[in-house]
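Q: If you scroll down you'll find the structure; I have some questions about it.
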């Protein structure tokens, strides 16, 4: 009786989740992006609009106030200085005088800031087989990012395998197991406390044997001992290069937008430890300081590839520079 009741409740819960996913799908990607960036939009655009209203002509004081807004949005001091100087140059070149013209120039400059990095903004998963190493400190949303990616790839007809290489965090393996059940993909795992590199090794062997399209590997995110973290990640990268030389490789760094400038510092540490090829910026819906995306990409010179703008399965989106800035500065 209790089993039947449990199964019925589980089925009802899954139907509710599916219904929510369908509703999210109807919103469209841009609609969800715009909704997810509401706090950032209020933190930047609304304040920029308020400043511009108080000025008729463009002067130095206007630029100083705009600079303050960008810094408060966690765009970062150096990046903000570059943006403001470039806006000034464009205003001068175009002989603009009205304060209302500055907003469009600022919007244009922010787009260029996000474009001016080395590498492609698309996940590097072609041709198959491919492997994605997911790195980042605990709590930034690594497990959720992996689960959502697996779900997306599986729905796109890819054969996906996950390796649970974060063997030190309690419940990490269990959380991944829940996602693999939901996505209907396989999981390679060892017991808690095992050598992460050994898990990745087994994951690579299984991926080759099963002719997997995409192998997604979780890794430990302990920053309390930087040297150990670097050694661990370097060992994993060496194993992947040795055992899977022909695979297309992506090293995806997950950072939490709500941590602001700490996200930049964490990103720098991981870039030292391994050759990060892309960034997933999560929890943008939970902060008014989404401007950190400009600081992360600018200071690391690594492309943003994914943004998380909500808890829904479709709220992890491929990053599009124009859509992102347009969602912050809607017409």
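Residue numbers (the working numbering): 3 to 333. Ideal placement from N, C-alpha and C gives every residue a C-beta, glycine not left out. These numbers were taken from a predicted model, which means no experiment stands behind them.
Buried or exposed for residue 150, please, with buried defined as at least 16 other CB atoms from any protein chain shown within 10 angstroms of its CB.
A: The residue labelled residue 150 in the question sits at position 148 within the chain shown. Residue 150 is buried by the Cβ-count criterion.
Q: Do residue 131 and residue 214 have their CB atoms nearer than 8 angstroms?
A: Within the chain shown, the letter at position 129 stands for residue 131. Within the chain shown, the letter at position 212 stands for residue 214. Closer than 8 angstroms, so yes.
Q: Quick one: residues in its chain with C-beta nearer than 6 angstroms to the C-beta of residue 43, no 5 flanking neighbours on either side, listed in chain order?
A: Looking up residue 43 in the chain shown gives position 41. Excluding residues within five positions, the ones whose Cβ falls inside 6 angstroms are 330.
Q: Let's see if you can read the secondary structure: which residues bound the beta strand (DSSP E) around residue 173?
A: Within the chain shown, numbered from 1, the residue matching residue 173 stands at position 171. Neither: residue 173 is in no beta strand (DSSP E) and is coded neither H nor E.
Q: For residue 165, does the three-state DSSP call read helix, strand or coil?
A: For this step, residue 165 is matched to residue 163 along the chain shown. If DSSP states are grouped into helix, strand and coil, residue 165 belongs with the strands.
Q: Checking contacts by CB at 8 angstroms: is residue 202 closer than that to chain C?
A: The structure shown contains no chain C; it is built from a single protein chain.
Q: From which residue to which residue does the alpha helix (DSSP H) around residue 300 run?
A: Position 298 of the chain shown, counted from the first residue, corresponds to residue 300. Segment 294-302, the alpha helix (DSSP H) holding residue 300.
Q: Quick check: the Cα distance between residue 318 and residue 255, rounded to an integer number of angstroms?
A: By one-based count along the chain shown, residue 318 stands at place 316. By one-based count along the chain shown, residue 255 stands at place 253. In a straight line, the C-alpha of residue 318 is about 14 angstroms away from that of residue 255.
Q: Give me whichever residues DSSP pairs with residue 219 in a beta bridge.
A: If you number the chain shown from 1, residue 219 lands on position 217. Answer is 135 and 165, bridged to residue 219.
Q: Once DSSP output is grouped into helix, strand and coil, what is the label at residue 322?
A: Looking up residue 322 in the chain shown gives position 320. Here residue 322 sits in coil by DSSP.
Q: How many Å lie between residue 292 and residue 124 at the Cα?
A: Within the chain shown, the letter at position 290 stands for residue 292. Within the chain shown, the letter at position 122 stands for residue 124. If I take the Cα positions, the gap works out to 20 angstroms.
Q: Strictly by DSSP, which residues pair up with residue 59?
A: The residue you call residue 59 lines up with position 57 of the chain shown. Bridge partners of residue 59: 100.
Q: Rounded C-beta distance between residue 281 and residue 257? I'm assuming under 8 angstroms.
A: Locating residue 281 in the chain shown gives position 279, where the first residue counts as 1. Locating residue 257 in the chain shown gives position 255, where the first residue counts as 1. Contact holds; Cβ gap of about 6 angstroms.
Q: By Cβ distance, which residues of its chain are closer than 6 angstroms to residue 167, with the 5 residues on each side in sequence left out?
A: Working through the chain shown from its first residue, we reach residue 167 at position 165. Result list for residue 167: 198, 201, 202, 219, 220 and 221, in chain order.
Q: Mind checking which residues open and close the beta strand (DSSP E) that includes residue 128?
A: Translated into the one-based positions of the chain shown, residue 128 becomes position 126. Careful: residue 128 lies outside any beta strand (DSSP E) and carries neither H nor E.
Q: Can you give me the start and stop residues for the alpha helix (DSSP H) that residue 37 sits inside?
A: Here residue 37 refers to the residue found at position 35 when the chain shown is read from its first residue. Element bounds for residue 37: 31-38.
Q: I'd like the span of the alpha helix (DSSP H) that includes residue 83, first residue to last.
A: Position 81 of the chain shown holds residue 83. Run containing residue 83: 79-95, per the alpha helix (DSSP H) assignment.
Q: Would you mind working out which of 204, 77, 188 and 155 sits nearest residue 126, comparing C-alpha positions?
A: Taking the first residue of the chain shown as 1, we reach residue 126 at position 124. Nearest of 204, 77, 188 and 155 to residue 126, Cα basis: 155.
Q: Is it buried or exposed, residue 96, if we count other Cβ atoms within 10 angstroms and call 16 or more buried?
A: In the chain shown, the residue the question calls residue 96 occupies position 94. Classification of residue 96: exposed, given that the 10 Å Cβ count is below 16.
Q: Check for me: the beta strand (DSSP E) holding residue 282 runs from which residue to which?
A: Within the chain shown, the letter at position 280 stands for residue 282. Residue 282 -> beta strand (DSSP E) spans 280-284.
Q: Tell me whether residue 51 is buried or exposed, calling it buried when 16 or more other Cβ atoms sit within 10 Å of its Cβ.
A: The sequence position of residue 51 within the chain shown is 49, counting from 1. Exposed: under 16 other Cβ atoms inside 10 Å.
Q: Can you have a look at residue 316 and say buried or exposed, based on whether 16 or more other CB atoms are within 10 angstroms of its CB?
A: Stepping through the chain shown from its first residue, residue 316 is reached at position 314. Under this definition residue 316 is a buried residue.
Q: Can you tell me which of the three DSSP states residue 213 falls into?
A: Taking the chain shown and counting its residues from 1, one reaches residue 213 at position 211. Looking at residue 213 - three-state DSSP - the assignment turns out to be coil, as it is neither helix nor strand.
Q: With 16 other CB atoms within 10 Å as the buried threshold, where does residue 305 fall?
A: Translated into positions along the chain shown, residue 305 becomes position 303. The residue in question, residue 305, is buried, as its Cβ has 16 or more Cβ neighbours within 10 Å.
Q: Using a threshold of 8 angstroms, state whether the C-beta atoms of residue 263 and residue 116 are closer than that.
A: By 1-based counting over the chain shown, the position of residue 263 is 261. By 1-based counting over the chain shown, the position of residue 116 is 114. No; because the gap between Cβ atoms is not below 8 angstroms, this pair is not in contact.
Q: Measuring straight from C-alpha to C-alpha, what distance separates residue 145 and residue 114?
A: The residue you call residue 145 lines up with position 143 of the chain shown. The residue you call residue 114 lines up with position 112 of the chain shown. Looking at the two C-alpha atoms, the distance is approximately 31 angstroms.
Q: Rounded to the nearest angstrom, what separates residue 57 and residue 278 at their Cα positions?
A: Mapped onto the chain shown, residue 57 falls at position 55. Mapped onto the chain shown, residue 278 falls at position 276. Residue 57 and residue 278: Cα-Cα distance of roughly 43 angstroms.
Q: Can you check which of these residues, 109, 41, 40 and 38, is closest to residue 68 by C-alpha distance?
A: In the chain shown, residue 68 corresponds to position 66, counting from 1. The candidate whose alpha carbon is nearest that of residue 68 is 109.
Q: Between residue 261 and residue 128, which are expected to be in contact by the criterion C-beta below 8 angstroms, what is the C-beta distance as a whole number of angstroms?
A: Looking up residue 261 in the chain shown gives position 259. Looking up residue 128 in the chain shown gives position 126. In fact, because the Cβ distance is near 32 angstroms, the residues do not count as touching under 8 angstroms.
Q: Quick check: what's the CA-CA separation for residue 244 versus residue 162?
A: For the purposes of this step, residue 244 is identified with residue 242 of the chain shown, where counting begins at 1. For the purposes of this step, residue 162 is identified with residue 160 of the chain shown, where counting begins at 1. Using only the alpha carbons, I get a separation of about 21 angstroms.
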